[in-house]
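Encoded as structure tokens, the structure appears first; notes follow it.
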Amino acid sequence: MKKDFDFDDIGKQTPYRVPEGFFAEMQQKVLKQAGVKPHPKFSRKLIVPFVAAAAAILAGFLFIPSLMQTDATVSSSDVLAVENNHVTADPMDEWIRNLSDEELEDLVGFSENDIFLN
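Sequential numbering of the sequence shown, starting at 3, is according to my numbering.
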């Protein structure tokens, strides 16, 4: 290509010719053929029932008592099992009962100075 070629001599004209209003007519034809329909807006008439239904469901979960609640009364066998559990002595309890007063005082003094217990 020549280095002396000047684009200003050509101007902004193109060698292709189209009739007047060609692109506007083409756009109308495409929209007509595609069948573009305006979508209806989401009206407030539909929002109100959805909000009311959501509020009713939420109120149902919050204010209706649970069906899985058990009775507050404790059976006598459970009470006996708990009482029997306290009757058996732990070996540590037996060891503490067998300590003398001086040994207990030493243990208390040791526990007061223990950095891991305080």
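Cβ coordinates follow ideal geometry from the N, Cα and C atoms, glycine included. All figures in this text were calculated on a predicted structure; none of them were measured in a lab.
Quick one: Cα of residue i to Cα of residue j, how far?
i	j	result
K39	V50	26 angstroms
L109	F65	54 angstroms
G23	D10	28 angstroms
W97	I117	24 angstroms
D103	F63	59 angstroms
V32	A57	46 angstroms
A36	A61	47 angstroms
N115	R99	22 angstroms
Assuming residue i and residue j form a contact by the criterion Cβ under 8 angstroms, report the distance between their Cβ atoms to the nearest whole angstrom.
i	j	result
S113	L119	5 angstroms
Quick check on residue i - is its C-beta less than 7 angstroms from some C-beta in chain C?
i	result
L48	The structure shown has no chain C; it contains just one protein chain.
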